[in-house]
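Structure, as structure tokens:
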Amino acid sequence: MVSAIVEKPQPKDAPSTLAVVGRYILSPRIFHHLAKVQAGAGGEIQLTDGIAALMQEKKVLAYRFKGKRYDCGSKLGYLQADGRLRNEASETGAAFTAYLKSL
Numbered sequence: 000m001v002s003a004i005v006e007k008p009q010p011k012d013a014p015s016t017l018a019v020v021g022r023y024i025l026s027p028r029i030f031h032h033l034a035k036v037q038a039g040a041g042g043e044i045q046l047t048d049g050i051a052a053l054m055q056e057k058k059v060l061a062y063r064f065k066g067k068r069y070d071c072g073s074k075l076g077y078l079q080a081d082g083r084l085r086n087e088a089s090e091t092g093a094a095f096t097a098y099l100k101s102l
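Okay, so the sequence shown: first residue is 0 according to numbering that gives the first Met the number 0, each after it adds one.
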């Protein structure tokens with residue numbers, strides 16, 4: 000069960016080393032909370048703020064998985080994820096790795 004959720008905290012302020020990867024199955028009640036949320040990080044209405052409000056009335060569950068997580072919301076994270084997949088692809092991996100080494 001999730002006890003707290005925070006939108007993009009600074010590493011020194013993070014309450015844990017866990018992260019949300021952005022795949023949710025939420026109750027329709029989330030829309031009630033999102034309608035009341037004030038703009039937060041980046042001047043945007045944050046889904047995490049709505050989830051935090053929802054947690055006050057319903058349990059929110061999470062699944063902890065083992066694996067590599069990429070932040071595809073950043074340009075570098077997207078390129079890292081894309082590069083890893085291209086590097087591991089059987090038909091292009093060797094050629095892509097050779098290309099990267101040539102840069």
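A virtual CB, placed ideally from N, CA and C, is assigned to each residue, including glycine.
Which residue's Cα is closest to the Cα of residue i: the options?
{"i": "Q55", "options": "K11, E87, H32", "result": "H32"}
{"i": "V59", "options": "I24, K65, G66, S101", "result": "I24"}
{"i": "F64", "options": "R22, S101, Y98", "result": "R22"}
{"i": "G39", "options": "T16, K7, E90, D12", "result": "K7"}
Residue i and residue j: beta carbons closer than 8 Å?
{"i": "S73", "j": "L53", "result": "no"}
{"i": "P14", "j": "V5", "result": "yes"}
{"i": "R28", "j": "K57", "result": "yes"}
{"i": "A80", "j": "C71", "result": "yes"}
{"i": "A18", "j": "R68", "result": "yes"}
Would you mind sorting residue i into buried or exposed? The rule is 16 or more other CB atoms within 10 Å of its CB.
{"i": "A51", "result": "buried"}
{"i": "Q37", "result": "exposed"}
{"i": "D48", "result": "buried"}
{"i": "Q45", "result": "buried"}
Could you tell me if the beta carbon of residue i falls within a distance shorter than 7 Å of some heavy atom in the ligand COA?
{"i": "Y98", "result": "The model on display carries no ligand, and the ligand COA is accordingly not part of it."}
Let me see if you follow: with CB-CB separation under 8 Å, is residue i close to chain B or not?
{"i": "K57", "result": "Here chain B cannot be found, since the structure has a single protein chain."}
Worksheet entry | Continuous alpha helix (DSSP H) assignments of at least 4 residues falling wholly in the segment 31 to 77 | Scanning the segment 31 to 77 from its first residue to its last, the whole alpha helix (DSSP H) runs of 4-plus residues come out as 46 to 53.
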